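Order-wise, the sequence lines are chains E and W. Take the first sequence: its position 109, counting from 1, is numbered 109 in the numbering used here, and each next residue is one higher. Count along the second sequence from 1, then add 1000; that gives the number in the numbering used here. Okay, structure first, notes after.
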Amino acid sequence: MEEKKHTMTMLVDNQPGVLSRVSGLFSGKGFNIESLCTAPTMDPKVSRITIVTKANPPVIEQVEKQLRKLINVIKLRDMTGARAVKREMALICVKARPDLRAEILRIVDIFRCKVIDVGTEHYIIEVTGDEGKLKALINLLKPMGIKKIARSGSLALYREPK
Amino acid sequence: MKLTGAQILMEILKEEGVDTIFGFPGGAVIDIYDELIKTDIRHILVRHEQGAVHAADGYARAGDKVGVCLVTSGPGATNTVTGIASAYMDSIPMVILTGQVPTQLIGNDAFQEVDIVGITRPCTKHNYLVPSAEAFPRIIKEAFYLARSGRPGPVLIDIPKDVGKAVIDYKPIKEVQLKSYNPTYEPNMKQLRKVVDLVEASQRPVIFAGGGVILSGAAAELTQFARNVRIPVTTSLMGLGNFPGTDPLWLGMLGMHGTYRANMSTGACDLLLAIGVRFDDRVTGKTDAFAAQAKIVHIDIDPTSIRKNIPVTIPIVGDCKISLQHLNQLIEQTDLTDIEKKRQSWLDQIEEWKNTKPLAYKQEDTLKPQFVVEKLYELTKGEAIITTEVGQNQMWAAQYYHFDRPNHFITSGGLGCMGFGLPAAIGAQMACPDKLVIDIAGDGSIQMNIQEMATAVQSGLPVKVVILNNAYLGMVRQWQELFYEKRYACTGMDCAPDFVKLAEAYGALGLRATKPQDVEAVLKEGLAASGPVIMDFKVDREESVYPMVPAGAPITEMLLV
Ligand SMILES: Cc1ncc(C[n+]2csc(CCOP(=O)(O)OP(=O)(O)O)c2C)c(N)n1
Ligand SMILES: [Mg+2]
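Following this line, the structure appears as structure tokens:
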């Protein structure tokens, strides 16, 4: 059966140990994690965890059921597909040789990202977007020489009814 | 009301109906023990914390209460892990109270500090490190609620020493509610109606019932259902006793050491009603071949059990008892006049399997372990509570002792944990003081928690241990015989204590039989004794358990005697 990427978000009790219950479930059951983000919500007692995982449909069904079974998971939603918006942020440190600086800035402009640090040898670029946008940007910057990259992992929210 | 944490714990334990605790003291729980002796809760002092957990497990299974253990921090806590893992696999309602170093020392590698919440996270239903005395009452209440509701399981509470001492203003908590925890008890009626249609339409139905039916107290409902619709019943190891072992519709146990007729009928059935089971690999064998011709209905309270190992036609999330009650009502409204006739050829086929390939062993002059269990069954009229160790002894107990009622067969099913039987028997005896409680043991396993003989003697618990002594780690030896060309790597137990003298050393009675002719007399004397007894049966060393399905093979491909 075909493996597919799934983005899941869950509201969990904002308590010590909850993140390790969630991540421990993935490692203990042999599920894979591509990315994981967590931060508090408007309610200080509740955090939101967003996980991107890749698996075939029966495994995804198990992942979701197992997550729901955790006592500290209040609500879980599969955010895969177009009904949710998804964004990821990346900080990319790219080599900036004098002859390429203009080209890099042009790319930054096209992708509507920001240069947030400048040195004689580098730029640090801040970019936010969906997975496709980040991938495209990284592909364009790769030939210039990416020195370091830090990615946030995906965040997702369901679209509200229009 | 101003109370200390330890006093609050006692208050809530009483409120939750706890009258027995299995435990072992130490520095981190000394304040709790100091309060415990002021109550009328009975404390059973074990000799090893693993024993406390298995005893609480046996206590919970033989009775209808949550099993409770109390141990100290560090080594006391780590010694509970195996017992907790076993209870988790078998979904046994338990609360484990562990001491922890004082709050301000946590994380300092303090003396006897261990992160038991981290260690037991994957083998508890839930666990808590108590963050403050104020949070303690709610946590205790939640722990009992979680342990016994939904799919039951062990819940651990790690209690820093200062929480036990702290004085707070205590207000009893009336009700526990968890916004993130809402087990589904009521099944979907539409789905249940489909089940009734399938039951009517099917030619070759089989019921497969598991530990979930026992846990939800639904054995009577299951039996009524099976008899009304004339469907033969098999169970998992954990489900033995769900359906009378003497009923003509009884197929025997399913799986690796299941009966020929149970495995064959599951292979041939066109409808499998799986209730309160989780399709362990020891039951299914090769999953693609399991009940391959059947529509499968799966009823379980835990959604994660459904479609985990086996694809099903009709998934039903719900409590086994409530579901079976609904099914029984629906069946009452259904016209079943022809059912006898309709089932006849299927039941004839099963009868033929039963007669041609019965559960059997080679009759020789030697003392056969199966014979010991048969005699035990006969002499106790099938009324004893049987606990087991793990290995061949466990399988022979399951095969040759027949259970007519639930909660009488207590075994470490999912974890298969050697050393379970004796402490579990102690717990079962505490729950049922008037019952005969017998641990059917192996010579290897019994040595893993033999120290609990002292517990039995001290607490005046007359448990009986029947050792099927083959001087081997017999089940492993059997695999070596069958699949490793008889290379018996490290499975000979060539040095063992003299179990008769050992019993005597503990202040118990020790008896021995070496010939078939001695078995009855030894059993009679041992079972009649008023205190704990070890009976050592020197059995045929290389006897094996049959039928056997090699791991990973279809369950219809059995090795027979
Ligand atoms: C704690 C533990 N360690 C190892 C095993 C692996 N194991 C399964 S059965 C068995 C043999 C048990 O020997 P014994 O108690 O003498 O029982 P027999 O099979 O001989 O009846 C072993 C070692 C286990 N189940 N549990
Ligand atoms: Mg043995």
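Glycine included, C-beta positions come from ideal geometry on N, C-alpha and C. Being a predicted model, the structure only gives us computed values, none of them experimental.
- Around W:ARG1278, the same chain offers SER1305 as residues with beta carbons nearer than 6 Å, after the five sequence neighbours per side are excluded.
- With the rule of 3 Cβ pairs closer than 8 Å, the segment 1116 to 1131 of chain W counts as touching the segment 1076 to 1090 of chain W.
- Bounds of any alpha helix (DSSP H) do not take in W:SER1305, whose DSSP letter is neither H nor E.
- Checking the 6 Å criterion, the Cβ of W:MET1418 is within range of a heavy atom belonging to ligand 1.
- C-alpha of W:GLN1517 to C-alpha of W:VAL1539: approximately 12 Å in a straight line.
- Within the segment 24 to 43 of chain E, the residues whose Cβ lies closer than 7 Å to any Cβ of chain W are, in chain order, GLY24 and GLY28.
- Short note on W:GLY1391: C-beta closer than 6 Å to some heavy atom of ligand 1.
- For W:TYR1488, the Cβ stays outside the 6 Å cut-off from all heavy atoms of ligand 2.
- Rounded to whole angstroms, the gap between the alpha carbons of W:LYS1501 and W:VAL1466 is 15 Å.
- Check the Cα spacing between E:PHE111 and each of E:GLU2, E:VAL127 and E:ARG48: the tightest is with E:VAL127.
- At least one heavy atom of ligand 1 sits closer than 6 Å to the Cβ of W:MET1475.
- Short note on W:ASP1443: C-beta closer than 6 Å to some heavy atom of ligand 2.
- Within the segment 1291 to 1305 of chain W, the residues whose Cβ lies closer than 8 Å to any Cβ of chain E are, in chain order, ASP1302, PRO1303 and THR1304.
- Between the alpha carbons of W:PHE1144 and W:MET1094 lies a distance of about 8 Å.
- Close CB contacts of W:PHE1136 within its chain, under the 7 Å cut and outside five residues either way in sequence, are with GLY1005, ILE1008, VAL1130 and VAL1163 (chain order).
- According to DSSP, residue pairing for E:SER47 in a beta bridge involves E:VAL12 and E:PRO40.
- Three or more Cβ pairs drawn from the segment 1272 to 1287 of chain W and the segment 1541 to 1556 of chain W lie within less than 8 Å of each other, which places the two stretches in contact.
- Between ligand 2 and W:ASN1470, a heavy atom-to-CB distance of less than 6 Å is present.
- With respect to W:ILE1386, W:PHE1409 sits close: the two C-beta atoms are nearer than 7 Å.
- Contact residues of the segment 1107 to 1122 of chain W toward chain E are VAL1117, GLY1118, ARG1121 and PRO1122 (C-beta to C-beta distance below 9 Å).
- Assigned with DSSP and collapsed to three states, W:SER1073 falls in coil, not helix or strand.
- Only PRO58, GLU61, GLN62, LYS65, GLN66, ARG68, LYS69, LEU70, ILE71, ASN72, VAL73, ILE74 and LYS75 from the segment 46 to 75 of chain E bring a Cβ to less than 9 Å from some Cβ of chain W.
- In the three-state reduction of the DSSP assignment, W:PRO1232 falls in the coil class, being assigned neither a helical nor a strand state.
- Judged by DSSP in its simplified three-state form, W:GLY1063 adopts coil rather than helix or strand.
- For the pair W:ASP1434 and W:LEU1422, the CB atoms are not nearer than the 7 Å cut-off.
- Going by beta carbons, W:GLY1099 and W:SER1073 fall inside the 7 Å limit.
- Each of W:MET1548, W:ILE1350, W:GLY1239 and W:GLY1076 was checked against the Cα of W:ARG1047, and the nearest Cα belongs to W:GLY1076.
- W:LEU1146 reaches chain E at ILE71, counting residues in chain order whose Cβ is nearer than 7 Å.
- Excluding sequence positions up to five before and after W:ASP1040, its CB lies within less than 8 Å of the CB of ASP1019, all in the same chain and listed in chain order.
- When beta bridges are read from the DSSP output, W:TRP1396 appears opposite no residue.
- Pairing W:GLU1134 with W:ILE1168, the inter-Cα distance amounts to about 7 Å.
- The alpha-carbon separation between W:VAL1522 and W:TYR1401 amounts to approximately 18 Å.
- Counting every other CB atom within 10 Å of its CB across the protein chains shown gives W:ASP1494 a total below 16, marking it as exposed.
- Per DSSP, reduced to three states, the secondary structure at W:LEU1560 is coil, with no helix or strand assignment.
- Chain E places a beta carbon closer than 7 Å to that of W:TYR1181, counting this residue as a contact.
- The C-beta of W:ASP1031 has 16 or more other C-beta atoms within 10 Å across all chains shown, which makes the residue buried.
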